[in-house]
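Engineer: Just so you know, the sequence shown maps onto residues 1 to 320 in the UniProt record's numbering.
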Amino acid sequence: MELGTTTKAAKRTGIAARRRAEAWRLVRNNLDMYALLLPGLLFLLIFKYVPMYGILIAFQNFNIFDGISGSEWVGGEQFVKLTQSEEFAQVFRNTLLISFYKIAILFPIPIAIALFLNEVSKMWFKRSVQTIIYLPHFLSWVIIAGLFINILSPSSGLVNRAIEAFGGQPISFLLDNDWFRSVVVFTAGWKESGWNAIIFIAAIAGIDQEQYEAAAIDGASRLQQMWYITLPGIMATIVLVFILRIGYLLDAGTEQILTLYNAVVYETGDVIGTYVYRIGLGKMDYSFSTAVGLFNSVIGFLLVVTGNWLSRKFLHRSIW
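(1) Over the uninterrupted alpha helix (DSSP H) stretch that includes Ile238, give me the two end residues.
(2) Can you check the region 261-313 for any alpha helix (DSSP H) of at least 4 residues that lies completely inside it and give the ranges in chain order?
(3) Could you pull out every residue in the same chain whose Cβ sits closer than 8 Å to the Cβ of Tyr286, ignoring the five residues on either side in sequence?
(4) Rounded to the nearest angstrom, what separates Lys313 and Lys191 at their Cα positions?
(5) Whole alpha helix (DSSP H) runs in the region 149-224 with 4 or more residues, listed along the chain?
(6) Along the chain, where does the alpha helix (DSSP H) containing Tyr53 start, and where does it finish?
(7) Alpha carbons only, please: which of Ile55, Trp195, Phe88 is nearest the one belonging to Pro136?
(8) Let's test the definition: count the other Cβ atoms within 10 Å of the Cβ of Arg19 and tell me whether it reaches 16, buried, or not, exposed.
(9) Measuring CA to CA, which of Val185, Arg317, Ser69 is closest to Ile105?
(10) Taking the alpha carbon of residue 376 as the point to measure from, which residue in Arg245, Thr254, Leu44 has its own alpha carbon closest?
(11) Please classify Trp73: does DSSP put it in a helix, a strand, or coil?
(12) Considering Cα atoms alone, identify which of Met226, Ala16, Glu255 is closest to Leu115.
(13) Determine the closest residue to Gly233 out of Leu258, Ala205, Leu249, with distance taken between C-alpha atoms.
(14) Skipping 5 residues on each side, what residues in its chain have a beta carbon closer than 7 Å to that of Ile55?
(15) For the alpha helix (DSSP H) containing Asp32, name the first residue and the last one.
(16) Per DSSP, what kind of secondary structure is Asn61 in: helix, strand or coil?
(17) Secondary structure at Ile98, three-state DSSP: helix, strand or coil?
(18) Starting from Phe107, trace the alpha helix (DSSP H) in both directions and tell me its first and last residue.
Here it is in structure tokens:
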């Protein structure tokens with residue numbers, strides 16, 4: 001009995017030794033590839049992981065003159081303050097609403113753009129449309145905010161001139177709580193929908209063309225080919241992008257809103273990112289603003305994990 005147990009242990013040890021030797025052989029044979037990987041890993045370490053040391057101030061009454069090592073530790077006090085803050089409750093609601101609107105309204109648009117561009121046979125027209133809809137992505141939010149502030153101006157903007165021409169009254173889109181979220185969603189869609197379509201266009205390009213030829217021989221129309229071949233062919237990409245998008249549910253577009261909003265529309269436009277900016281830099285409450293940011297990140301991480309689990313359970317597709 002003991003001899004048999006000893007033999008099995010020796011076999012396991014031998015297998016483990018062979019696997020280690022195989023792993024080292026693989027590393028030695030691909031040293032050049034690992035050398036190429038090194039700069040990327042160093043970049044992540046220096047610019048992504050080292051700054052995470054600053055998270056500690058979320059658990060302190062941080063004093064800029066004492067530094068992290070000298071500031072008073074207060075445990076979860078900042079997070080208790082966060083949950084009891086009525087202002088944060090409003091900010092949290094605004095963030096969820098704007099993100100939900102962006103997902104519900106804007107997420108399908110790049111998919112539709114990719115599907116319809118795939119049906120365009122005139123290559124010059126297809127490339128012209130792609131170039132035009134990609135361009136807004138390369139403009140900063142500062143430029144886009146200035147553009148829309150002029151277009152939506154109640155005194156001289158083109159939109160209000162058109163409203164007046166049809167007998168309506170001018171609307172202060174950026175000073176009206178009823179309109180501000182709509183402006184945020186529309187401008188985000190105008191800027192990014194074309195660019196976000198790239199990944200779906202690339203996914204469509206990877207679909208086997210023989211499927212279309214076989215469907216055409218069987219008499220399938222272009223609409224049927226889109227529905228039964230193209231859409232299922234990019235479904236994995238759609239799920240992947242959607243799961244990643246869920247992870248940014250609490251990122252409603254800080255830079256965008258900072259350039260568009262003002263104190264009049266804080267009620268509907270102030271989101272977590274702008275709140276952190278106002279509290280952290282405006283009131284110099286670094287610990288509280290860091291606690292808000294950490295809360296935002298943890299919720300985002302949990303949403304990605306949950307979304308991936310739901311996708312694997314119900315759609316049988318997932319990132320990991």
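Quick reminder that beta carbons are idealized off the backbone N, C-alpha and C, glycines included. Just so we're clear, the structure is a prediction, and the values are computed from it rather than from any experiment.
Structural biologist: On the basis of the supplied data:
(1) Residues 235-246.
(2) Within the region 261-313, the runs of alpha helix (DSSP H) at least 4 residues long that lie entirely inside it are, in chain order, 266-269, 272-277, 286-310.
(3) Here Tyr286 has Ile57, Phe62, Ile64, Gly280 as same chain residues with Cβ atoms under 8 Å from its own Cβ, once five neighbours each way along the sequence are excluded.
(4) Across the structure, Lys313 and Lys191 are spaced so that their CA atoms are roughly 34 Å apart.
(5) 158-165, 177-205, 209-217, all fully within the region 149-224.
(6) For Tyr53, there is no enclosing alpha helix (DSSP H), since its DSSP letter is neither H nor E.
(7) Of the candidates Ile55, Trp195, Phe88, the residue whose Cα lies closest to the Cα of Pro136 is Trp195.
(8) Label assigned to Arg19: exposed.
(9) Of all alpha-carbon atoms in Val185, Arg317, Ser69, the one lying nearest the alpha-carbon of Ile105 is that of Val185.
(10) The structure shown has nothing for residue 376, since the chain only spans 1 to 320.
(11) Here Trp73 sits in strand by DSSP.
(12) Nearest option by C-alpha distance: Met226.
(13) When Leu258, Ala205, Leu249 are compared, the shortest CA-CA separation from Gly233 is found for Ala205.
(14) The residues Thr290, Leu294, in chain order, have a CB closer than 7 Å to that of Ile55 in the same chain once the five nearest residues on each side in sequence are set aside.
(15) Residues 31-44.
(16) Note: Asn61 maps to strand in three-state DSSP.
(17) Secondary structure at Ile98: helix, using DSSP grouped into helix, strand and coil.
(18) Counting along the chain, Phe107 falls outside any alpha helix (DSSP H), and DSSP gives it neither H nor E.
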